[in-house]
Amino acid sequence: MIQPPAYPVLPDPGNPRLTRRITGTDHTGAATEIAVVEERPLTIYLNRQEIVTAMTIGDHPEYLALGFLRNQGMLRDDDALTGVDYDEEIETVVVRTARETTYEEKLQKKTRTSGCAVGTVFGDMMEGLEGLTLPAAEIRTSWLYALARQINTTPSLYLEAGAIHGTVLCQGDQPLVYMEDVGRHNAVDKVAGFMFRHGVSAQDKILYTTGRLTSEMVIKTALMGIPALASRSGFTAWGVEIAQQVGLTLIGRMRGQRFVCLSGEDRLVRDVDPASVPEESARSRRKSAT
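Under our numbering, the first residue of the sequence shown carries the number 45, and numbering increases by one thereafter.
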């Protein structure tokens with residue numbers, strides 16, 4: 045385990061590798077220049093085997109590789125890492141473990157997900173949910189309101205350029221690790237990779253995402269051992285069913301004073317009057333699917 049950096053880990057909207065200034069014209073025909081998010085391929089190897097090539101903004105490649113492998117069940121909790129090597133020139137991460145690995149059969153069972161940037165999961169991810177029950181962790185509504193306010197006003201690539209998703213690992217009312225990417229799966233995987241690399245416990249955490257609460261998002265959160273998932277966006281029915289099955293507190297449509305809980309209502313502690321919560325400012329308001 046490597047000692048984690050000091051919290052919080054935040055987006056770096058000033059990183060010149062992550063956006064590009066592009067000139068165009070607006071609705072009146074006038075010239076305009078805007079920041080546009082970069083996309084670049086990242087190929088992930090586990091030992092000698094090529095696993096996947098993901099489209100990503102290019103920050104935190106080691107965390108993305110570790111989190112992807114962890115969330116696909118290719119890295120075990122007890123795996124000893126012998127190396128995580130990133131080659132920027134060929135945009136490749138090689139993760140090495142003491143355990144010999146071979147996932148040729150697993151690689152044949154890919155499922156294209158409903159996620160942005162054509163997410164991919166492997167068809168046996170559901171097997172990891174058998175017998176899984178998440179901790180019955182208490183969630184205070186005051187934490188949810190505080191987190192939404194902090195996250196929506198934190199300087200980010202979303203506020204700089206849009207066209208991107210964010211995922212935030214939180215404890216109580218404090219954001220700890222804030223990752224962004226063109227696909228919400230990548231952002232979640234970066235958080236998972238951070239947790240795996242630094243031995244961060246999951247049982248008292250909340251995962252906040254700007255993306256939809258779909259089945260694969262719920263599955264990834266559950267497999268990470270995180271007992272609560274919250275989002276500005278809406279739900280899918282299968283996502284809700286899986287959350288109820290594993291005891292995941294699932295909260296969506298979080299905007300200003302409002303939210304909807306479709307799983308884990310008994311773990312919510314309503315310790316603040318919603319009327320006392322200010323509405324979102326126009327600057328921090330994100331567009332999201334309902």
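Each residue gets a CB set at the ideal place from its N, CA and C atoms; glycine is no exception. Quick caveat: nothing in here was measured; it's all calculated off a predicted structure.
Counting C-beta neighbours from all protein chains within 10 Å, is the total for residue i 16 or more, i.e. buried, or is it exposed?
i: Glu144; result: exposed
i: Thr76; result: exposed
i: Ala274; result: buried
i: Gly68; result: exposed
i: Thr334; result: In this predicted model, Thr334 has a pLDDT of only 37, less than 50, meaning its place in the structure is not dependable enough to derive any value.
i: Glu148; result: exposed
i: Gly127; result: exposed
i: Val162; result: Note on Val162: pLDDT 43, under 50, position unreliable in the model; the coordinate value appears next. Val162 comes out exposed.
i: Arg311; result: buried
i: Ser325; result: exposed
i: Ser320; result: exposed
i: Pro318; result: exposed
i: Glu260; result: buried
i: Ala205; result: buried
i: Thr155; result: With a pLDDT of 47 at Thr155, under the threshold of 50, the modelled position of that residue is not reliable, and the figure given next carries that caveat. Looking at its Cβ environment, which holds fewer than 16 other Cβ atoms inside 10 Å, Thr155 is exposed.
i: Thr265; result: buried
i: Asp230; result: Looking at the sequence provided, one finds Asn at residue 230 rather than Asp. Buried is the call here.
i: Cys160; result: With a pLDDT of only 48 at Cys160, under 50, the local geometry of the prediction cannot be trusted, and the value read off the model is given with reservation. That one is buried.
i: Arg61; result: exposed
i: Ile66; result: exposed
i: Pro105; result: buried
i: Lys331; result: At Lys331, the pLDDT of 46 sits below 50, so the modelled position is not reliable and the matter cannot be decided from this model.
i: Gly308; result: buried
i: Ala98; result: buried
Check this for me: beta carbons of residue i and residue j, under 7 Å apart or not?
i: Val212; j: Tyr252; result: yes
i: Ala181; j: Pro322; result: no
i: Asp233; j: Leu108; result: yes
i: Ala283; j: Thr258; result: Rather than Ala, the amino acid found at residue 283 in this sequence is Gly. Yes, the Cβ-Cβ distance between Gly283 and Thr258 is below 7 Å.
i: Gln215; j: Lys249; result: yes
i: Thr185; j: Val316; result: yes
i: Ser277; j: Pro55; result: no
i: Arg114; j: Phe240; result: yes
i: Ala190; j: Met298; result: no
i: Val262; j: Ile286; result: yes
i: Ile195; j: Thr293; result: no
i: Val221; j: Val53; result: yes
i: Leu176; j: Val290; result: yes
For residue i, report the span of its beta strand (DSSP E) as first-last.
i: Lys249; result: 249 to 253
i: Leu220; result: 218 to 225
Measure from the alpha carbon of residue i to the alpha carbon of each residue in the options, then state which is nearest.
i: Gln288; options: Met298, Cys305, Thr72, Thr254; result: Cys305
i: Ala246; options: Asp317, Ala231, Leu178; result: Leu178
i: Asp121; options: Val81, Glu106, Gly237, Gly210; result: Gly237
i: Tyr130; options: His71, Leu86, Thr100; result: Leu86
i: Thr254; options: Val244, Arg92, Ala207; result: Ala207
i: Gln342; options: Gly210, Leu267, Pro60; result: Lying before the first or after the last residue shown, residue 342 is absent from the chain, which here runs from 45 to 334.
i: Glu224; options: Thr100, Leu125, Ile95; result: Thr100
i: Glu83; options: Asp103, Gln218, Glu94; result: Asp103
i: Val81; options: Ile95, Thr63, Arg92; result: Thr63
i: Ala124; options: Gly243, Phe279, Thr97, Gly269; result: Gly243
i: Ile78; options: Val290, Gly269, Leu203; result: Leu203
i: Leu110; options: Ile88, His71, Gly269; result: Ile88
i: Leu188; options: Gly73, Asp217, Ile134; result: Asp217
i: Gly210; options: Arg256, Phe303, Glu132, Asp70; result: Arg256
i: Lys150; options: Gln93, Glu132, Arg228, Ala142; result: Gln93
i: Ala50; options: Pro219, Glu309, Phe279, Arg228; result: Pro219
i: Pro57; options: Phe303, Asp70, Val235, Thr198; result: Thr198
Between which two residues does the alpha helix (DSSP H) holding residue i run?
i: Thr185; result: 185 to 197
i: Val232; result: 228 to 242
i: Ala319; result: Where Ala319 is concerned, there is no enclosing alpha helix (DSSP H), given that its DSSP letter is neither H nor E.
i: Leu213; result: That residue, Leu213, is in no alpha helix (DSSP H); its beta strand (DSSP E) goes 209 to 215.
i: Val262; result: 259 to 267
i: Ala205; result: 201 to 205
Taking 6 Å as the line, does the beta carbon of residue i fall inside it for any heavy atom of the ligand COA?
i: Gly300; result: Of ligands this structure carries none, so the ligand COA is not represented either.
Segments of 4+ residues assigned as alpha helix (DSSP H) that fall wholly inside the segment 113 to 146:
The qualifying runs do not exist here; there are none.
Which runs of the beta strand (DSSP E) at least 3 residues long sit entirely within the segment 271 to 313? Give them in chain order.
Unbroken beta strand (DSSP E) runs of no fewer than 3 residues, entirely contained in the segment 271 to 313, are found at 272 to 275, 293 to 299, 302 to 307, following chain order.
Taking only runs of the beta strand (DSSP E) that begin and end inside the segment 47 to 118, which ones reach a length of at least 3 residues, in chain order?
Qualifying beta strand (DSSP E) stretches, in chain order: 63 to 69, 75 to 81, 84 to 90, 93 to 100.
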